[in-house]
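These notes are about the structure you will find just below.
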Amino acid sequence: MLFPQIGAAQEFPGTSGETLIKSSLIAETNQPAAGTSSTLAVFMEPQSGWHGYWKQPGSIGLAPQFDWQLPDGVSVGDASFPVPHTLMTGDLMNHVFEHPYALLLPVEIDGSVAPGTPLPITVGLNYLACRADACVPEQSTLAITLTAGDGRITQERKARFDEWRRELPRPLGSQASFVTINDARLRVSIPLPASVTLNDPHLFVDTDNVVDPAAEQIFSREGDVLIVETQRANSWSANSPPAAFEALLSLGTGTGLTLVSHSAEAPAASTNGYQSASTSSSTTIASTTIASATNASTTGEQGSPTLLLTAFFGALLGGVLLNIMPCVFPILSLKVLSLARLTGGQREARREALAYTAGVVIVCLILGATIIALRAVGTQVGWAFQLQDPRVILVLTLLTAAIGFNLAGLFELGSINAGGKLASQDGVAGAFWTGVLAAFVATPCSGPFMATALGAALVLPTFAALTVFAGLGLGIALPFLLLGFVPVLRRLLPRPGPWLANFRHIMAIPMFLTALALAWVLGRQLSNNGMIASLALIMLLAIGLWFTGLRQRSAKRLSWLPAGLAAGLALTGSVLVPGAFIPQAVDPNPLPSSADTRSLDFNANRLTELRQQGHAILVYFSADWCVTCKINEQRAINTPRTQQAFEQAEVITMKGDWTNGDPAITTFLEQHGRSGVPLYLWYAPGATEPEVLSQLLAPNTLSVLASQLD
């Protein structure tokens, strides 16, 4: 690594024996126990105006170099550096420390070392002390003698080392990726929740010959992905580009995250060397698919054709299977009924099939685009997000109830301009609006193949994601599309006749069941009074439709007036009622009343006490910048199903927040072979060791574990 020439050294401090960066060797314990690991610190104290260097010094400088002399049975690992900061000198970028800092090194004591054995440790340290106008190489020989003992750490020493550990970066826990934009530019994509605060961030690349340290770094957001674009190093080899590089992302808030970025053009090696063996094959497949999609998304490209086709056909097949789900079957049956009544032949059948398909696909694309847009601005939503709004549920309940009353013969559709007419009328318009309704009502359903495909879609680039959503719509529409375009299949339908009237009345039953299911969902979102008010709106609509039916049979003018007034009042009420009764039901993850005693912050001593008392305990560690952690909390931990199971089994939850670093959590993670989060530990009553759960939790993993305690 280059550093400035030292000219006229006698003019600068340091030439008369003055130390510009004072160094000292400090042990966390002077009596390390045999067979254990402890920590050494090389503490560096620069004089005012001088600085030392990070392990990758930047455009100029020199990283510290260590030459250890160790007794038998003792080994020292690589140094861990705190988060550096940048220093521009002219056109050169330096990665430096201008204030006192500590380099932490793990020291291993072999189990064969007898207690009381003296352990003399010596290190020759070479480093560079610099300021704006000069650099001075310095050397020091540091020595300390430890004694093999019981590993006792004084409170003063523990507090000092804990403070140094808080200054270290933490592992990101997710894999980054990079892609070359052109002959000179590099784009790095880092999974990082949009909620994480950034204040003048900087990417310190540890690997040589990857980027130009002095080049401008342009940061941007793509949802939960942070994009860094910068200049490639001049020494970048086009013939053999690096497959990966290591880096440190400084958030500018004193927090740093270490990461490994893999080339998007080359197969990425797994960075998870401690994947739980308990991971099921289905979870592994889903994890692989979504991880692959994430890699494609973070490159800013459209992803591999194989990945896109896999997600597309998964969504297509999932959409086909949705047609036999309770959400969609009643709606689909409406168009089967209309097909049986067709008299216009092949051309009319094809037109209706295409119109129905267009309605389904357009709604799926609109829903998909809305999800992508909301996630891009930091709002965490998923598939069926619109059905989380009780106003939408109430409108759908009114619509399906109206369709059911029409099929039952309560009234006939004349000029009532409500959604029921749009969905139930014949012709191309009716087919299109039936497709719209089918797609809209299908969203709460989850069938085979859908979860992985839509999970991949939510992290794919925009165009690829919309392609997957279109595949879902095409799958929903496929049965009706086949009936419209394959005459042989259509000829299997019974010929029109008197049976159609009876069949129409029978089809009112699944529509009423659909309305009942929607009402059940509404009851989960509103209070009892809100549910009664919603049922009153449905009754109001039914009365209006009934009076319209009576006037139609009497051939009176303006027969549609009662239904129109009732529909207007019901739709108005569908906006006002949920807003008036929603406060009791807005909590999507209700906790039991005893949550204050069953949901605790991590404390190792308290954990030991609870285990001795025979409690079942879930211990997990998370951080605000950990994407995987947040996904698991939303879909597997903070869910009503899991919380209810935990309440019944009296499971205690203990969470460790590692967002800003915590020495106690760091130590606990290291004891379990982890260098970062997430980590999920399940302590069954009486078990000597915890069960290490998968890093990607299935939604029912925790509820199943809790049910096994009964």
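Just so we're aligned: the sequence shown equals residues 1 to 710 in my numbering. C-beta: ideal position from N, C-alpha, C; glycine also. In this text the structure is predicted, and so the values were computed from the model without any measurement.
DSSP-derived helix/strand/coil call for residue i
i, result
"D150", "coil"
"E691", "strand"
"R391", "helix"
"G77", "coil"
"G404", "helix"
"L697", "coil"
"A311", "helix"
"M93", "strand"
"I652", "strand"
"L257", "strand"
"P191", "strand"
"P115", "coil"
"H99", "coil"
"P479", "helix"
"L422", "Reliability fails at L422, whose pLDDT of 47 lies under 50, so the model's placement of it is uncertain and the value that follows must be treated cautiously. Three-state result, L422: helix."
"W658", "coil"
"Q708", "coil"
"G52", "strand"
"G58", "strand"
"W433", "helix"
"P685", "coil"
Cβ distance (whole Å) where residue i is taken to contact residue j below 8 Å
i, j, result
"V123", "L186", "Not a contact, Cβ separation roughly 36 Å."
"D224", "A247", "That belief does not hold up - the Cβ atoms of D224 and A247 are roughly 18 Å apart, past 8 Å."
"A33", "G149", "7 Å"
"I109", "G35", "7 Å"
"P562", "N632", "52 Å between Cβ atoms; not a contact."
"D657", "A604", "14 Å between Cβ atoms; not a contact."
"S112", "G73", "6 Å"
"T653", "L696", "Not really, about 19 Å apart at Cβ, beyond 8 Å."
Residue interval of the beta strand (DSSP E) (run including residue i)
i, result
"A247", "244-250"
"K556", "Here K556 belongs to no beta strand (DSSP E), and DSSP marks it neither H nor E."
"N126", "118-131"
"G614", "Note, G614: premise wrong, no beta strand (DSSP E); not H, not E."
"I227", "225-231"
"L669", "L669 -> not in any beta strand (DSSP E); alpha helix (DSSP H) instead, spanning 663-671."
"T180", "176-180"
"W68", "65-69"
"A215", "Segment: none, A215 is in no beta strand (DSSP E) and carries neither H nor E."
Cβ-based neighbour list, residue i, same chain, cut-off 7 Å, excluding 5 preceding and 5 following
i, result
"V188", "A176, F178, L203, V228, S261"
"L541", "L398, A401, A402, A566, A567, A570"
"W68", "V76, V123"
"M511", "P330, T400, I403, G404, L407"
"N700", "none"
"G523", "M531"
"N30", "L146, T147"
"E98", "P46, H51"
Contacts around residue i, its chain only, beta-carbon distance under 8 Å, and the 5 residues preceding and following it disregarded
i, result
"T39", "A27, E28, L104, L105, P106, V107, F161"
"Q65", "L125, N126, Y127"
"W164", "A41, P82, A102, L104"
Pairwise C-alpha distance: residue j and residue i
i, j, result
"I539", "L569", "This sequence places Met at residue 539; Ile is not what is there. Taking the straight line joining both Cα atoms gives about 11 Å."
"N528", "V577", "12 Å"
"P592", "A649", "With a pLDDT of 40 at P592, under the threshold of 50, the predicted position of this residue should be treated as unreliable, though the coordinate-derived value follows. Taking the straight line from one Cα to the other gives about 12 Å."
"P690", "F602", "15 Å"
"V692", "D91", "50 Å"
"I362", "A439", "9 Å"
"P685", "T667", "24 Å"
"N199", "V428", "55 Å"
"N406", "A373", "37 Å"
"K55", "D206", "7 Å"
"V395", "L545", "16 Å"
"G58", "R157", "33 Å"
"C364", "E222", "22 Å"
"A132", "T89", "7 Å"
"L62", "E167", "21 Å"
"T279", "F313", "In this prediction, T279 has a pLDDT of 33, which is less than 50 and means its spatial position is unreliable; what the coordinates show is noted afterwards. Roughly 25 Å between the two C-alpha positions."
"T514", "M507", "11 Å"
"H95", "T253", "16 Å"
"C135", "A159", "34 Å"
"R351", "A431", "9 Å"
Contact set for residue i: own chain, Cβ-Cβ below 6 Å, skip 5 residues either direction
i, result
"A143", "T122"
"G435", "Y356, G359, V360"
Extent of the continuous alpha helix (DSSP H) to which residue i belongs
i, result
"W164", "155-166"
"Q634", "Segment: none, Q634 is in no alpha helix (DSSP H) and carries neither H nor E."
Closer than 7 Å: residue i CB and nearest the ligand PLP heavy atom
i, result
"S24", "No copy of the ligand PLP occurs in the structure displayed, which carries no ligand at all."
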